[in-house]
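Quick note, the sequence shown lines up with residues 98 to 424 if you use my numbering.
Every residue, glycine too, gets a C-beta built ideally from N, C-alpha and C.
Structure, as structure tokens:
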Amino acid sequence: MLKVRVTGTGAFLPERCLTNDDLARFVDTSDEWIRSRTGIRKRHLLPEGEPPAGMGVVAARAALAEAGVDHQQVDLLIAATNVPEQPIPGTAPHIVAGLGLPGEPAFMDLKAGCAGFVYGMALAAGAISAGLFRRAVVVGIEALSRFVDWKDRRTCVLFGDGAGAVVLEPSCGEAGILGVSLHGDADKLALLRIEAGGVRLPASEETVKKGLHFLKMEGEGVFRAAVPMMERATREALAQAGLSPKDIDWLIPHQANLRIIRPLAAKLGVPKERVVVNIDRVANTSTASIPIALDELVRAGKLKEGEIVALTAFGAGAAYGTVVLRW
Ligand code: UT7
Numbered sequence: 098m099l100k101v102r103v104t105g106t107g108a109f110l111p112e113r114c115l116t117n118d119d120l121a122r123f124v125d126t127s128d129e130w131i132r133s134r135t136g137i138r139k140r141h142l143l144p145e146g147e148p149p150a151g152m153g154v155v156a157a158r159a160a161l162a163e164a165g166v167d168h169q170q171v172d173l174l175i176a177a178t179n180v181p182e183q184p185i186p187g188t189a190p191h192i193v194a195g196l197g198l199p200g201e202p203a204f205m206d207l208k209a210g211c212a213g214f215v216y217g218m219a220l221a222a223g224a225i226s227a228g229l230f231r232r233a234v235v236v237g238i239e240a241l242s243r244f245v246d247w248k249d250r251r252t253c254v255l256f257g258d259g260a261g262a263v264v265l266e267p268s269c270g271e272a273g274i275l276g277v278s279l280h281g282d283a284d285k286l287a288l289l290r291i292e293a294g295g296v297r298l299p300a301s302e303e304t305v306k307k308g309l310h311f312l313k314m315e316g317e318g319v320f321r322a323a324v325p326m327m328e329r330a331t332r333e334a335l336a337q338a339g340l341s342p343k344d345i346d347w348l349i350p351h352q353a354n355l356r357i358i359r360p361l362a363a364k365l366g367v368p369k370e371r372v373v374v375n376i377d378r379v380a381n382t383s384t385a386s387i388p389i390a391l392d393e394l395v396r397a398g399k400l401k402e403g404e405i406v407a408l409t410a411f412g413a414g415a416a417y418g419t420v421v422l423r424w
């Protein structure tokens, strides 16, 4: 099989920041509670009226520039997101239009909860490997601030907005994706949900009045499932690559809660300094969390050629998965 590698990364965070203290001014919470229960100190929010796809455009443009890929050469763009730009069409065409990609490349939205980016990367790599495409851009993009109930302290403190992107291309050397494990436990589909606004319960005056367009979460259920899911997927992806947890140079977990990230790292035996954490600064950016963290690692010059990276995520559905690659 043709090996596929990441040749460029990019990310975007909106300038506007909301600290825990800012939040405590309008919802019954405190910096102490949020920090000790989640590790979050602040989050970036997309200003009202700004189209979210713009974040994906900036992230993808940066990734393409780093890869040195001409826009003409992109033949697939996947936008992983939980809530698209609009019900029809989704986010991907807006990003393609914003980038001005010529040649009418294939594009699609991918919805697999916060695991959407990992799913997107795995599937795009598989498609390149099979010869269907040559160069793909995978974007993780989320503006959940638009769908959280700012009066519900159990959810509104957790999320932030942002986007991240990678360029995937065939690899001639050692670098590339070595193992993939994607799963889902549909028994857990009610744990994280937006009830109205889809075809099951279209938006109406009634649904808005009842707040059914807001994100709802059974926090404890998600919390309990997260570590075993990511541990299983990571062990499987490593095994597929002929590797074991001790070979991981960098673990990049979905940034949902520091109290999820730490036990996962402990179960895999990955030392603290090898676990990428930025939840304190960006909170949970859902599908964008892994590409943003990867981009930060790359731009800080910490990720060295030949190192083994495990990207692992879980989220609504409950979908989860891991991609293991050699940088
Ligand atoms: O991308 C995937 C998305 N989601 C997640 O990964 C979330 C997974 N879950 C979690 O991270 C945790 O379950 C939470 C951070 C959401 C909650 O932490 P917890 O330690 O499980 O708290 P809890 O839900 O058991 O709540 C404990 C108390 C409750 O008060 P009572 O009922 O004991 O009086 C809550 O009402 O803390 C209260 N509480 C808060 N207090 C201050 C809940 N949210 C807040 C808040 N500020 N923001």
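If you draw a 10 Å sphere on the C-beta of C269, you find fewer than 16 other C-beta atoms in it, and that means exposed.
The Cβ neighbour count for S386, taken over all protein chains shown within 10 Å, is at least 16; the residue is labelled buried.
Here DSSP, grouped into helix, strand and coil, assigns F109 to strand. Excluding its 5 nearest sequence neighbours in each direction, A353 has C-beta neighbours in its own chain below 6 Å: N381, listed in chain order. Within its own chain, the residues whose Cβ lies closer than 6 Å to the Cβ of H191, once the five positions on either side in sequence are excluded, are A150 and E182, listed in chain order.
P267: member of the beta strand (DSSP E) spanning G259 to P267, first to last residue. The alpha-carbon of I238 is positioned some 21 Å away from that of G223. Using a Cβ distance threshold of 7 Å, E333 and S383 do not count as a contacting pair. Taking a 10 Å sphere around the C-beta of E393, we find 16 or more other C-beta atoms and assign the residue as buried. With three or more CB-CB distances shorter than 8 Å, the region 131–148 counts as touching the region 248–266. According to DSSP, G276 shares a beta bridge with V421. If you check the CB distance, A189 and A176 come in under 7 Å.
Exclusion of F109 from the 6 Å shell around ligand 1 follows from its C-beta lying no nearer than that to any non-hydrogen atom of the ligand.
The alpha-carbon of V166 is positioned some 14 Å away from that of A262.
Put simply, the backbone Cα of D282 is about 32 Å away from that of D172. Residue pairing by DSSP places T116 opposite K139 in a beta bridge. Per the DSSP secondary-structure output, D206 pairs in a beta bridge with A176. Each residue's CA atom was taken as its position, placing N179 and L207 some 8 Å apart. Excluding five sequence positions before and after A162, the CB atoms of its chain that fall closer than 8 Å to its own CB belong to G105 and G107, given in chain order. Within a 10 Å sphere around the beta-carbon of W424 sit 16 or more other beta-carbons, which makes this residue buried. Under a 10 Å Cβ-count criterion, L265 is classified as buried, with 16 or more other Cβ atoms of the shown protein chains found around its own Cβ. Distances between the C-beta of F320 and the heavy atoms of ligand 1 include at least one below 6 Å. Within the DSSP bridge table, the entry for E239 names G259 as partners. For W424, the distance from the CB to the nearest heavy atom of ligand 1 is not below 6 Å. Counting along the chain, T304 sits inside the alpha helix (DSSP H) bounded by residues E302 to K306. In this structure the region 312–329 touches the region 285–292; the number of beta carbon pairs closer than 8 Å is three or more.
CA-to-CA, the gap between P360 and G403 works out to about 26 Å.
For the options P267, E112, G210 and A397, the alpha carbon positioned closest to that of G228 is the one of P267. The continuous alpha helix (DSSP H) containing R321 extends over residues G316 to Q337.
Relative to the non-hydrogen atoms of ligand 1, the Cβ of E163 never comes closer than 6 Å to any of them. Closest by C-alpha distance to A415, out of G210, V324, P199 and F204, is G210.
A buried status is given to F109, since no fewer than 16 other beta-carbon atoms sit within 10 Å of its beta-carbon.
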